[in-house]
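Numbering (the working numbering), first residue to last: 27 to 131.
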């Protein structure tokens, strides 16, 4: 198991980029939610999550992403999943959530 680490990247025009490394599951979903909520509370209207180093995500992690997306969209923003591939992309497709999220390559 690889714990989740999050780095904050570029922030401009109400958009913040966050780099994710590791696994998103029951033990790390709260950290992800808290980080996204902190970005929103600091003025971010949209959040870009870089998944290039994420090796796993389960239903708890997907639920956290859904909640964050709903919050951002209710304020006219969005949650953007970038470099979403491998096991995380399979989980998204299996659940049908690939049609819900904004995914960029």
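Where a beta carbon is used, it is the ideal one built from N, C-alpha and C, also for glycine.
task = For residue 72, name the three-state secondary structure that DSSP assigns.
result = strand
query = Between which two residues does the alpha helix (DSSP H) containing residue 98 stretch?
reply = 85-100
key: Beta carbon of residue 123 nearer than 8 Å to that of residue 105   = no
query = Cα separation between residue 126 and residue 47?
reply = 23 Å
inquiry  = Pop quiz: residue 41 and residue 64 are said to be a contact at Cβ under 8 Å. What is the actual Cβ separation, rounded to whole angstroms?
reply    = That belief does not hold up - the Cβ atoms of residue 41 and residue 64 are roughly 15 Å apart, past 8 Å.
request  = Measure the C-alpha to C-alpha separation of residue 89 and residue 36 and round it to an integer number of angstroms.
outcome  = 25 Å
ask   = Along the chain, where does the alpha helix (DSSP H) that runs through residue 58 open and close?
value = 55-67
request  = Specify, as a first and last residue, the run of the beta strand (DSSP E) that residue 116 falls within.
outcome  = Taken as a continuous stretch (DSSP letters only), residue 116 belongs to no beta strand (DSSP E), being part of the alpha helix (DSSP H) at 112-121.
inquiry  = From the DSSP secondary-structure annotation, give me the bridge partner or partners of residue 29.
reply    = Residue 29 is not bridged to any residue.
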